[in-house]
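Q: In my numbering, the protein residues as written are -13 to 324.
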Ligand SMILES: [Fe+2]
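Set out below in C-alpha cells:
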C-alpha cells in the first residue's frame, strides 16, 4: 500500500467543550496548566466561513499541549460533534509544511476522502479538517499548515493564567484510547492512513489476562481486544469491547466509536492513594479499577465533568520491572507509548 497520509507531526488533542472558561479552569486544576492562549475565530477571522465561529484555548503542561474548542454557531466545525457526543475528545491535530499539504491533498483525492471543513484562520493559516471519522473509528484529524507564522503566531484575544499544581504527576501523553467496533479493521485502517507500524495486540479478559475489574463499585466480567501502535508523534490504543461490562462497553453503547481515554500518568500506588482526597475535592472518583496481579493496577477516573468530557487513565505498577513481568520488550513498550 502507498505511504500513509502526509499529516506532518502530531501536535495535540482537541477537546470540544460547552463552557470554555470552566474547562480551562478544570484542566488547569487537574494538570497544573498555567496559561491558556484564547482566540475567538469568527466573522473576519474566518474569511469564507461567515456562519461559522468558535473559541480556541490552547494550553500546555510541561509535556503536552491541549486545545479546548467551544462552538459558537450551529455551523461551527465542532458543533456537529458536540450535538451527538456532548463534550469530549474530538480530534487529533498535526502540523505539516505547505509542501506536505500539497501531497496530502493528492493522497486524499486518490482515496476519495474529503475535508469536513477547510478553514483559513485570519486569512493566513489553513486548518484542514479531514473527514476521517468513517475511516478511523470516529477519530477526527485536523492538519494545521505551517505557513505565515503558523497557528501560534495568530493574534490572541486573551491570556488566562492559573496557579494550580497538578493533582497527580503528569508524565506525558502516553496514548489516547479509542473504542472501535472491529480491531482487525481498525488496525488495517490506522496502518494505512497514519503510517503506523505493526500493532501490539493484547486480549484482555477477567480470569485470564486480567485478575479483576471493579466498575462503578461492582466486580464485573469484562473482556476486550486491544492493540497499540505509534508513529509520527501519534500513539493510540484501540479497544474493541468484548463480552461482559466495563468502560469500553458503556462508551460503545452511548457514543459508538471514538476517543475514550487520555493516559498521562504512571505513578506509585502510594502517590495515587494520597491524591484521592484532593481528587474527591474536585468531584473526581475512581470509576474503574483493573488489576493484573504482579503487574499493575489501572484506573479510569470520572474526570469528564472537570475536564470537559475527558476520561483519565492512571497506571500504578506493582513493581519497577512490570514490563518484564508481562513479558514485554522495550520495543513493545514503545508502541504502548512508554
Ligand atoms: Fe490505555
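For every residue, glycine included, the Cβ atom is placed at its ideal position computed from N, Cα and C.
(1) Anything with a beta carbon under 6 Å from a heavy atom of ligand 1 counts; list them all in chain order.
(2) Give the secondary structure of residue 166 by DSSP, where H, G and I count as helix, E and B as strand, and everything else as coil.
(3) Can you have a look at residue 229 and say buried or exposed, based on whether 16 or more other CB atoms are within 10 angstroms of its CB?
(4) Between the alpha carbons of residue -5 and residue 83, how many angstroms are there, rounded?
(5) Going along the chain, which residues of its own chain have a beta-carbon closer than 6 Å to the beta-carbon of residue 309, five neighbours each way excluded?
(6) For the candidate residues 4, 17, -1, whose alpha-carbon lies nearest to that of residue 268?
(7) Is the separation between the beta-carbon of residue 121 and that of residue 175 shorter than 8 Å?
(8) Can you check which of these residues, 15, 313, 108, is closest to residue 138 by C-alpha distance?
(9) Once DSSP output is grouped into helix, strand and coil, what is the label at residue 20?
(10) Going by alpha carbons, who is nearest to residue 52 out of 30, 79, 203?
(11) Short check: CB of residue 73 to CB of residue 165, under 8 Å?
(12) Which partner residues does residue 251 have in the DSSP bridge list?
(13) For the segment 199 to 214 against the segment 239 to 252, do three or more pairs of beta-carbon atoms, one drawn from each stretch, fall closer than 8 Å, so that the two count as touching?
(14) Return the chain-ordered list of same chain residues with a C-beta closer than 8 Å to the C-beta of residue 11, the five sequence neighbours on each side being excluded.
(15) Determine contact between the segment 153 to 162 and the segment 249 to 260, defined as no fewer than three beta-carbon pairs at a distance below 8 Å.
(16) Going by DSSP, what residue range makes up the beta strand (DSSP E) through residue 309?
(17) Tell me, please, whether the segment 211 to 220 touches the segment 179 to 189 by the rule of three or more beta-carbon pairs shorter than 8 Å.
(18) Taking the alpha carbon of residue 97 as the reference point, which residue from 261, 178, 276 has its own alpha carbon closest?
(19) Express the C-alpha separation of residue 0 and residue 277 in angstroms, rounding to a whole number.
(20) Quick one: Cα of residue 38 to Cα of residue 271, how far?
(21) Drop a sphere of 10 angstroms on the beta-carbon of residue 227, count the other beta-carbons inside from all chains shown, and report buried for 16 or more, exposed for fewer.
(22) Closer than 6 Å by C-beta to residue 124: which residues in its own chain qualify, once you throw out the five before and the five after it? Chain order, please.
(23) Measure the alpha-carbon distance for residue 32 versus residue 25 and round it to whole angstroms.
(24) Near residue 241, which residues of its chain fall below 7 Å by C-beta distance, leaving aside the five closest residues on each side in sequence?
(25) Do you know offhand how far residue -13's Cα is from residue 256's?
(26) For residue 143, write down the residues that DSSP places opposite it in a beta bridge.
(27) What residues in its chain sit with their C-beta under 6 Å from that of residue 371, if we drop five residues either side in the sequence?
(28) Straight-line CA distance for residue 222 to residue 189?
(29) Tell whether a beta-carbon distance below 8 Å holds between residue 349 and residue 46.
(30) If you drop the 5 nearest sequence neighbours on each side, which residues of the same chain put their C-beta closer than 6 Å to that of residue 87?
(31) Using the DSSP secondary-structure output, state which residues sit across from residue 275 in a beta bridge.
A: Working from what's here:
(1) Those residues, listed in chain order, are 161, 163, 223, 247, 249, 299.
(2) DSSP places residue 166 in coil when its eight states are reduced to three.
(3) By the Cβ neighbour-count rule, residue 229 is exposed, with fewer than 16 other Cβ atoms within 10 Å of its own.
(4) Residue -5 and residue 83 have their C-alpha atoms spaced approximately 10 Å apart.
(5) Excluding residues up to 5 positions away in sequence, 319 lie with their Cβ nearer than 6 Å to the Cβ of residue 309 in the same chain.
(6) Taking residue 268 as reference, the option from 4, 17, -1 with the minimal CA-CA separation is 17.
(7) Yes, these two residues count as a Cβ contact at 8 Å.
(8) When each option's Cα is compared against that of residue 138, the closest is 108.
(9) Note: residue 20 maps to coil in three-state DSSP.
(10) Ranking 30, 79, 203 by Cα distance to residue 52 puts 79 first.
(11) No. Outside cutoff.
(12) Bridge partners of residue 251: 300.
(13) By the Cβ rule, the segment 199 to 214 does not count as touching the segment 239 to 252, because fewer than three pairs are nearer than 8 Å.
(14) If we look at residue 11 and ignore the five residues flanking it on each side, its Cβ neighbours are 148.
(15) Contact holds: three or more Cβ-Cβ distances are below 8 Å.
(16) No beta strand (DSSP E) holds residue 309; the alpha helix (DSSP H) holding it covers 308 to 311.
(17) At 8 Å Cβ cutoff, the stretches touch.
(18) The residue from 261, 178, 276 with its alpha-carbon nearest to that of residue 97 is 178.
(19) C-alpha separation (whole angstroms): 30 Å.
(20) It is roughly 37 Å from the alpha-carbon of residue 38 to the alpha-carbon of residue 271.
(21) By the neighbour-count criterion, in which 16 or more other beta carbons inside 10 Å mark a residue as buried, residue 227 falls on the buried side.
(22) Hits under 6 Å: 243, 244.
(23) The straight-line gap separating the alpha-carbon atoms of residue 32 and residue 25 is approximately 12 Å.
(24) Only 71 meet the Cβ criterion.
(25) For residue -13, the predicted structure reports a pLDDT of 43, less than 50, and the residue's modelled location is therefore unreliable. A value from the coordinates is still provided. Answer to the nearest angstrom: the Cα atoms are 48 Å apart.
(26) The partner list for residue 143 (beta bridge, DSSP) is empty, contrary to what the question assumes.
(27) The question about residue 371 has no answer, for the chain in this structure spans -13 to 324.
(28) Roughly 16 Å separates the two Cα atoms.
(29) In the structure displayed, the chain extends from -13 to 324; residue 349 sits before or after that span and is not available.
(30) Same-chain partners within the cutoff: 131.
(31) Per the DSSP secondary-structure output, residue 275 pairs in a beta bridge with 200, 285.
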